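Colleague: Chains as they are written, first to last, in the working numbering: chain A, 1247 to 1776; chain B, 1247 to 1776.
All residues carry an ideal CB built from backbone N, CA and C; glycine is no exception.
Since we're looking at a predicted model, the values are computed, not measured.
Sharing a structure with you now.
2 protein chains.
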Amino acid sequence: MPTGSSSMSRRDLLSMIGTVAGSAAMYQAMTTLGFAQESPFTGSLKLDGDPKGASVLILGAGLAGMVAAYELRKAGYKVQILEYREVAGGRCWTIRGGDKYTELGGFEQECKFDEGQYLNPGPWRVPYHHHGVLHYAKEFGVEMQPFNQVNHNAYLHSSKAFDGKPQRFRHINADFNGHVAELLAKSTNQGGLDQAVSTEDREKLLDALRGWGALDKDYAYVKGVDSSERRGYRVDPGGGQMPVAEPSDPIGLSEIVQSGLWRNLSTGNLYEFQTAIFQPVGGMDMIAKGFEKEIGDLVTYNAKVIEIDQDDQGVTVHYVDSVTGGEPKTATADWCICTIPFSVLSQVKTKVSSEMQAAIDNLPYAASVKVGLQFKRRFWEEDEHIYGGITFTDLPNTLISYPSSEFFSKGKGVLLGAYSWGAWAMQFTSLPPEERVKKALEYGAQIHPQYNDEFDNGISIGWHRVPWTLGCYGTWSEDSRKAHYQAASSIDGRIAMAGEHISYIPAWQEGAILSGLDAISRLHQRVING
Amino acid sequence: MPTGSSSMSRRDLLSMIGTVAGSAAMYQAMTTLGFAQESPFTGSLKLDGDPKGASVLILGAGLAGMVAAYELRKAGYKVQILEYREVAGGRCWTIRGGDKYTELGGFEQECKFDEGQYLNPGPWRVPYHHHGVLHYAKEFGVEMQPFNQVNHNAYLHSSKAFDGKPQRFRHINADFNGHVAELLAKSTNQGGLDQAVSTEDREKLLDALRGWGALDKDYAYVKGVDSSERRGYRVDPGGGQMPVAEPSDPIGLSEIVQSGLWRNLSTGNLYEFQTAIFQPVGGMDMIAKGFEKEIGDLVTYNAKVIEIDQDDQGVTVHYVDSVTGGEPKTATADWCICTIPFSVLSQVKTKVSSEMQAAIDNLPYAASVKVGLQFKRRFWEEDEHIYGGITFTDLPNTLISYPSSEFFSKGKGVLLGAYSWGAWAMQFTSLPPEERVKKALEYGAQIHPQYNDEFDNGISIGWHRVPWTLGCYGTWSEDSRKAHYQAASSIDGRIAMAGEHISYIPAWQEGAILSGLDAISRLHQRVING
Chain A
1247 MPTGSSSMSR RDLLSMIGTV AGSAAMYQAM TTLGFAQESP FTGSLKLDGD
1297 PKGASVLILG AGLAGMVAAY ELRKAGYKVQ ILEYREVAGG RCWTIRGGDK
1347 YTELGGFEQE CKFDEGQYLN PGPWRVPYHH HGVLHYAKEF GVEMQPFNQV
1397 NHNAYLHSSK AFDGKPQRFR HINADFNGHV AELLAKSTNQ GGLDQAVSTE
1447 DREKLLDALR GWGALDKDYA YVKGVDSSER RGYRVDPGGG QMPVAEPSDP
1497 IGLSEIVQSG LWRNLSTGNL YEFQTAIFQP VGGMDMIAKG FEKEIGDLVT
1547 YNAKVIEIDQ DDQGVTVHYV DSVTGGEPKT ATADWCICTI PFSVLSQVKT
1597 KVSSEMQAAI DNLPYAASVK VGLQFKRRFW EEDEHIYGGI TFTDLPNTLI
1647 SYPSSEFFSK GKGVLLGAYS WGAWAMQFTS LPPEERVKKA LEYGAQIHPQ
1697 YNDEFDNGIS IGWHRVPWTL GCYGTWSEDS RKAHYQAASS IDGRIAMAGE
1747 HISYIPAWQE GAILSGLDAI SRLHQRVING
Chain B
1247 MPTGSSSMSR RDLLSMIGTV AGSAAMYQAM TTLGFAQESP FTGSLKLDGD
1297 PKGASVLILG AGLAGMVAAY ELRKAGYKVQ ILEYREVAGG RCWTIRGGDK
1347 YTELGGFEQE CKFDEGQYLN PGPWRVPYHH HGVLHYAKEF GVEMQPFNQV
1397 NHNAYLHSSK AFDGKPQRFR HINADFNGHV AELLAKSTNQ GGLDQAVSTE
1447 DREKLLDALR GWGALDKDYA YVKGVDSSER RGYRVDPGGG QMPVAEPSDP
1497 IGLSEIVQSG LWRNLSTGNL YEFQTAIFQP VGGMDMIAKG FEKEIGDLVT
1547 YNAKVIEIDQ DDQGVTVHYV DSVTGGEPKT ATADWCICTI PFSVLSQVKT
1597 KVSSEMQAAI DNLPYAASVK VGLQFKRRFW EEDEHIYGGI TFTDLPNTLI
1647 SYPSSEFFSK GKGVLLGAYS WGAWAMQFTS LPPEERVKKA LEYGAQIHPQ
1697 YNDEFDNGIS IGWHRVPWTL GCYGTWSEDS RKAHYQAASS IDGRIAMAGE
1747 HISYIPAWQE GAILSGLDAI SRLHQRVING
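Put into structure tokens, the structure is as follows:
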């Protein structure tokens, strides 16, 4: 509606655009006017211009390599991929019953999960704003389902607080919010914030604090219906003449701040974990399989790269069979996209500039471990009413994640029983696989005593022992970004690096996808410009 | 591990119980020791004792009536149900393409949704602690999927704030938390809360506020990576040499408190809406169909009750065909469970005590309306990256809910375009159905301009015009509970009332289920004792 002022409001403008030009134009205008935000992913890549038969050799059939292959072939390039493993996907990986996996050092594990059960050793979540991953998942018909990141009925656990007894997330969350709101209301009412909060805002802030924090009419967070409508009741309301509801007792602020359990209250508010967040139905590698169906014909599997050479004319790569060894073979192309993790590439003779070599040699990779545990029944659902979500603990297993699929099913289930980083990951990984499983069971049983009776079998992946990555992801420090990222991400002669490590979203599949798309965009410009 | 103290810790006790008696005993002990909370639903009903051929006539095949029928037949009773409609379920109802619905006043609508699309006019969510509903859903094999209640990328909208421009939930949420944390940190640092927060707690509270509110090292909530890691970036981080990320600008506290948008920040923390929360795959009536498959043979459909009589010997109910009318028929039984909403029952001649009659006559029913809108494409996903969840607005449509199923599908989609209560529901319901749809479109287009181009068809249910409920649910005030609930929930001669209105969880299916279970439990005691 017209505002009466001489300048057109943004809404008036939008309304006019909508009427005249339809909703697509309207949405474009919304973006321009700041309604929408910018994403580095701008839709399916258009590589205009004729590559005139140029060839590209891609090293690694993970997501970065596969998205590059997929888009380059569409644009008219000759493409070949060398992949170390027997399947595509890289860290986009799912382990299922019957799968065998041999880690560095020779430990072999065979997964004993039942049919339909799985563990994603690497990425396991796709946030709603990872537009690249979601774009290709949709294009390839990969079915997605919500990943429950936050579960108010899961636990926060500290072995040093509450006598080691796990606390429901909803209790700590509601009580922390309630106490914060009460304290701030008190301060506001006492005039302690008169310089920070204007008179006009004061009453509304108090209203907001009362509503948000579940305070009573006197701005106090107390036992009663208001607080129990957040934290849950001691006895839930019922039907007919069942026992009447009883409110539950809030936990004091001091106990909460001393417990440290507030540390995991905000994970669901983080940009990367906030709703909506997804997982592919059936396992993360459904995304890899989607790509592989498209470009699997371009892949030479079991190819271990042993040397990368280049000159003004092109790139020559020497490789051997990663299983049988034998005589080296050679692949050549005009250009190369290398997605081999720097942790591995630093051990491969590679002809690149000294700046690039320094980048390769100076990127540490994070230690991380995951342990998957199959149980005979879904006791977390049946006994404890936890359907998906994550329990956080200060024990070395760090967390327990409950499956976000097959809810209420009567059969077995697989928990992510440990997902640890840094020193704890090193500790886990230093043990033989069966000992890692035992440790995860020992820690988890302190939260779920049912572990002792219900355990079926387990499997573990310590990323430092994964032969084809030697670590979980590339950990840039602020200093190392300054020193090496520009070189690492530049086309070096005829070689461009790609992968999560060549991105500002390391460890995430979106980083790999965007890195792959960015590398081929710049490569393409170089090719068509001469 | 032993603590060295002479008294056994709860954990030691549990550990011992677990070792000696297994995990089921352990879980029992956990409950006893306060690890678990009490639910009024204690598992599948055991009605011990022989009812010796007693018969029960149930009025209404909604969830209360059907759960009563299911359990009573299992316990050996002769059961018959009279149902007004042509199908079972009552308010557990789903409308799909091809369904026709005639409301009070004669307006007939035919749903034009495409196959697979639906609207739940009544209940649409099942919280994780509605153990009764979830128990039977599991027993009948009803597949459940997560309902996205909170979506950080959906909107909060006020026509009176931000120039009418909808705000992403994540922006208001992150900024509200950030400002609250900053203000409280300031007050704490200035010593304004020295009486409320002990010296030992102060540093930890400050740590907690910084972490929780995304404050910087000086306890300020400012533009930067910390705040953007909650609210999202202006330009997201990318791959390779894509434009570098740019943080977004937080909104000031004053704008947020003045906007009123904080009102809907907490819905996802409410006990009834917090995660995990579910919907049946394919529509809420899958639960009704689960019951109907079990006890449908007991139901006389299209039976409109016109009189309920009782004496010392039993109950006699007169009914006519609800479609064709005609001669009254009669059903008799030893006992009666009446689930007819009091809004309807108050118009039926019923032989009950004056106390019960007063309860029946004095329960107002809430006005509520839902409008379902089918669109030609899922523009909320494709253009705005909103996958499930709810946008709240101060316009009379109150909210827009995005489907929590078929994410990323390329076809059409149905939005809940209005879900309003009270005066706004009255306003909507006073209009003819097509006008309600128009209103919902007009309001919604202020949030999603794509409405104008993409609308396909719509349908609306105003609960005050639903012939078999004449309202949405029974709204007990504190006073009316005191005056009438005891009578309403007592067995009156040979008649017991059941339904959501005979519960402390009105409007929820759990209230209906628990009410039905409670009524038959008490009825059964009376039968076997006398």
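Going along the chain, which residues of the segment 1418-1433 of chain A sit with their C-beta nearer than 8 Å to a C-beta in chain B?
Modeller: Asn1419, Ala1420, Phe1422, Asn1423, Val1426, Ala1427, Leu1429, Leu1430, Lys1432 and Ser1433
Colleague: Is DSSP giving tyrosine 1633 (chain A) helix, strand or coil here?
Modeller: coil
Colleague: If we define contact as Cβ-Cβ less than 8 Å, is proline 1248 (chain A) a contact residue for chain B?
Modeller: Its pLDDT being 33, under 50, proline 1248 (chain A) is placed unreliably by the model, and the measurement read from it follows with that caveat. By this cut-off, proline 1248 (chain A) is not an interface position.
Colleague: Is there a Cβ of chain A sitting closer than 8 Å to that of lysine 1384 (chain B), yes or no?
Modeller: Yes, its Cβ sits closer than 8 Å to a Cβ of chain A.
Colleague: Evaluate alanine 1383 (chain A) with the Cβ neighbour count: other Cβ atoms within 10 Å of its Cβ, from every protein chain shown; 16 or more gives buried, anything less gives exposed.
Modeller: buried
Colleague: Answer yes or no: does any C-beta atom of chain B fall closer than 8 Å to that of leucine 1380 (chain A)?
Modeller: yes
Colleague: Going along chain B, which residues have a C-beta under 7 Å from tryptophan 1458 (chain A)?
Modeller: Trp1508, Leu1511 and Ser1512
Colleague: Which runs of the beta strand (DSSP E) fall wholly inside the segment 1370-1423 of chain B and span at least 3 residues, in chain order?
Modeller: 1390-1392 and 1401-1403
Colleague: In whole angstroms, give me the CA-to-CA distance for glutamate 1329 (chain B) and leucine 1591 (chain B).
Modeller: 14 Å
Colleague: Following a CB-centred definition, is leucine 1309 (chain A) positioned closer than 7 Å to any heavy atom of the ligand NAP?
Modeller: The ligand NAP is absent from the structure shown, which contains no ligands of any kind.
Colleague: Given that serine 1500 (chain A) touches chain B, what residues does it touch there, using C-beta distances under 7 Å?
Modeller: Ser1444 and Asp1447
Colleague: Does the segment 1491-1511 of chain A come into contact with the segment 1448-1465 of chain B, if we say contact requires no fewer than three beta-carbon pairs (one atom in each stretch) closer than 8 Å?
Modeller: yes
Colleague: Would you report the Cα separation of glycine 1739 (chain B) and glutamate 1553 (chain B), rounded to the nearest angstrom?
Modeller: 16 Å
Colleague: In this structure, does DSSP put serine 1723 (chain B) in helix, strand or coil?
Modeller: coil
Colleague: State yes or no: is the C-beta of arginine 1371 (chain A) within less than 8 Å of the C-beta of glutamine 1525 (chain A)?
Modeller: For arginine 1371 (chain A) and glutamine 1525 (chain A), yes; Cβs fall inside 8 Å.
Colleague: Closer than 7 Å by C-beta to arginine 1480 (chain A): which residues in its own chain qualify, once you throw out the five before and the five after it? Chain order, please.
Modeller: Glu1492, Pro1493 and Ser1494
Colleague: Just to confirm my understanding: we take cysteine 1582 (chain A), look at its own chain, exclude 5 residues before and 5 after, and list those with CB closer than 8 Å. What are they?
Modeller: Val1302, Leu1303, Ile1304, Leu1305, Ile1554, Gln1556, Val1561, Val1563, Arg1740, Ile1741 and Ala1742
Colleague: Is the CB-CB distance between leucine 1609 (chain B) and histidine 1747 (chain B) below 8 Å?
Modeller: Yes.
Colleague: Output, in chain order, the set of chain B residues within a Cβ distance shorter than 7 Å of asparagine 1397 (chain A).
Modeller: Listed by position along chain B, the residues whose Cβ is nearer than 7 Å to that of asparagine 1397 (chain A) are Thr1521 and Ala1522.
Colleague: Per DSSP, what kind of secondary structure is serine 1735 (chain A) in: helix, strand or coil?
Modeller: helix
Colleague: Can you list, in chain order, the stretches of the beta strand (DSSP E) that have 3 or more residues and sit fully within the segment 1585-1643 of chain B?
Modeller: 1614-1621 and 1635-1639
Colleague: So what's tyrosine 1697 (chain B) in DSSP terms, helix, strand or just coil?
Modeller: The answer is helix: DSSP assigns tyrosine 1697 (chain B) an H, G or I state.
Colleague: Give a yes or no on whether the minimum CB-CB distance between asparagine 1703 (chain B) and chain A is below 8 Å.
Modeller: For asparagine 1703 (chain B), the nearest beta carbon of chain A is not closer than 8 Å to its own beta carbon.
Colleague: Quick one: which chain A residues come within Cβ less than 8 Å of leucine 1760 (chain B)?
Modeller: Gly1484, Gly1485, Gly1486 and Met1488
Colleague: Of the residues A:Gly1308, A:His1377 and A:Leu1402, which one's Cα is nearest the Cα of threonine 1639 (chain A)?
Modeller: Closest by alpha carbon: A:Leu1402.
Colleague: Quick check on arginine 1772 (chain B) - is its C-beta less than 8 Å from some C-beta in chain A?
Modeller: no
Colleague: Quick check: the Cα distance between alanine 1690 (chain B) and aspartate 1462 (chain B), rounded to an integer number of angstroms?
Modeller: Per the sequence presented here, residue 1690 (chain B) reads as glycine, with alanine not at that position. The alpha-carbon atoms of glycine 1690 (chain B) and aspartate 1462 (chain B) are separated by roughly 38 Å.
Colleague: If you draw a straight line from the alpha carbon of methionine 1602 (chain A) to that of tryptophan 1670 (chain A), how long is it in whole angstroms?
Modeller: 32 Å
Colleague: At 8 Å on the CB atoms, spell out the chain B contacts of histidine 1631 (chain A), in chain order.
Modeller: Tyr1374, His1375 and His1377
Colleague: Could you give the distance in angstroms between the alpha-carbon of threonine 1249 (chain B) and the alpha-carbon of alanine 1664 (chain A)?
Modeller: Residue placement at threonine 1249 (chain B) cannot be trusted, given a pLDDT of 33 that sits under 50; the coordinates are not used to answer.
Colleague: For proline 1678 (chain A), which residues in the same chain have their Cβ closer than 7 Å to its Cβ, ignoring the five residues on either side in sequence?
Modeller: Phe1353
Colleague: Helix, strand or coil, according to DSSP, for serine 1651 (chain B) in the structure here?
Modeller: Assigned with DSSP and collapsed to three states, serine 1651 (chain B) falls in coil, not helix or strand.
Colleague: Under a three-way DSSP split, which group does valine 1313 (chain A) fall into?
Modeller: helix
Colleague: Tell me, please, whether the CB atom of glutamine 1436 (chain B) is closer than 8 Å to any CB atom in chain A?
Modeller: Glutamine 1436 (chain B) counts as touching chain A.
Colleague: Locate the alpha helix (DSSP H) running through threonine 1445 (chain A), then write down its first and last residues.
Modeller: 1445-1459
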